[in-house]
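A short worksheet on the structure shown next.
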Amino acid sequence: MHYDPIKRSLGEVFNRTPLLRRLFYHLLDLLLLRTWHVHRELRQWAKGRTDEKLTILDAGSGYGQYSYWLSGMSAKWSILAVDVKDEQIADSNQFFRGIGRTNVQFAVQDLVLYQEPNTFDLALSVDVMEHILEDVEVFRNVHASLKDGGMLLISTPSDQGGSDVHSDGETSFIEEHVRDGYNIHEIQQKLRTAGFERIEARYSYGEPGQISWRLSMKYPILMLGQSKLFFLLLPFYYLVTFPFCLLLNWLDARTTHDSGTGLIVKAWK
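Numbers 1 to 269, taken from the UniProt record's numbering, label the letters of the sequence shown in order.
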């Protein structure tokens, strides 16, 4: 299934007013399990740093929800959010200027080519690398762009069923993915090749998370892929499933998983 048309439709709905966009961000924070894991890591990174002047790269910013969340943690942090989609960059710049978040700037950049040597204290890449074939080049660029001691945080599907692929005969649920998921050792080796030395990787989306993902994301996306009329049914669908998804997300984010369909990876320069 092609996910980008559905994302564009969602953007058209929630970009109508700043209030709707804020609501959209909060809904994504609650529904998307990867956000629970990413926020957990970012809170740990941010301890004792909120009064420091730091520079952050949101590498593959999408809707801009992670830049929004980070910019709310400290006005002293300067955030550059980059993506290849012109319309999302334009919408995000307009929204952030409108709400007075002047510490965030959005720019059109290709991560395969983009490099800003020794600039950033933190780089964030959430569900981006599965869309980019030249992943080692991106890792090299991010490594060069980080200051010494800077950290790269990655969330991406694993090869344990990421992209909803569970056997050799299946294809990715999201057709824009160029790989079905990373082997946990493979991504660590690619990061070492790019220059990173200290690397930590763990699984996300264990059993609770996989159930939550189907309820909160897969089934609604399949419905929306059939017809935009399902937008009218979504509030009633989530009225039933939302409490269960929250509980499952909470369990997944607080459990250590021996395997999972997602990966959370941290690498330091």
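Beta carbons: idealized from backbone N, C-alpha and C, even for Gly. Since this is a predicted model, take the numbers as computed values, not measurements.
For residue i, the three-state DSSP class (helix, strand or coil)
i, result
"P157", "strand"
"L233", "coil"
"A253", "helix"
"Y238", "helix"
"R179", "coil"
"L28", "helix"
"Y114", "coil"
"E170", "Confidence in E170 is poor, its pLDDT being 47 and thus under 50, which makes the residue's placement unreliable; the coordinate value appears in the next sentence. If DSSP states are grouped into helix, strand and coil, E170 belongs with coil."
"K147", "strand"
"R202", "strand"
"I132", "coil"
"I221", "helix"
Any C-beta of chain D under 8 Å from that of residue i
i, result
"R179", "In the structure shown, chain D cannot be found, because there is only a single protein chain."
Segment limits, beta strand (DSSP E) that includes residue i
i, result
"A267", "262 to 268"
"L124", "120 to 126"
"V108", "104 to 108"
"residue 282", "The structure shown does not extend to residue 282, since the chain is modelled only from 1 through 269, so no value can be given for it."
For residue j and residue i, believed in contact at Cβ under 8 Å, the rounded distance
i, j, result
"A267", "L111", "15 Å between Cβ atoms; not a contact."
"V104", "A81", "6 Å"
"I154", "R202", "No, I154 and R202 are not in contact; Cβ-Cβ is about 11 Å, not under 8 Å."
"P220", "L234", "6 Å"
"L261", "G161", "The question names Leu, but residue 261 is Thr in the sequence shown. Indeed, because the Cβ distance is near 4 Å, the residues count as touching under 8 Å."
"K190", "V126", "Rounded, the Cβ-Cβ distance is 17 Å, inconsistent with contact."
"D86", "G62", "Contact doesn't hold; Cβ gap of about 13 Å is too wide."
"Y205", "L33", "6 Å"
"L70", "L42", "7 Å"
Residue i - containing alpha helix (DSSP H), residue span
i, result
"T193", "184 to 193"
"A90", "86 to 98"
"S212", "207 to 213"
How do the segment 177 to 187 and the segment 116 to 131 stand: do at least 3 beta-carbon pairs fall below 8 Å, yes or no?
Touching, yes.
Which runs of the alpha helix (DSSP H) spanning at least 4 residues fall entirely within the segment 28 to 73, listed in chain order?
List check, alpha helix (DSSP H) in window: 33 to 46, 65 to 73.
Between the segment 116 to 123 and the segment 49 to 64, are three or more C-beta pairs nearer than 8 Å?
Output reads yes: the segment 49 to 64 touches the segment 116 to 123.
Between the segment 36 to 52 and the segment 242 to 254, are three or more C-beta pairs nearer than 8 Å?
Because the criterion of three Cβ pairs below 8 Å is met, the segment 36 to 52 and the segment 242 to 254 touch.
Kindly confirm or deny that the segment 191 to 199 and the segment 135 to 144 touch, where touching means at least three C-beta pairs closer than 8 Å.
Touching, yes, given that three or more Cβ pairs across the two stretches are closer than 8 Å.
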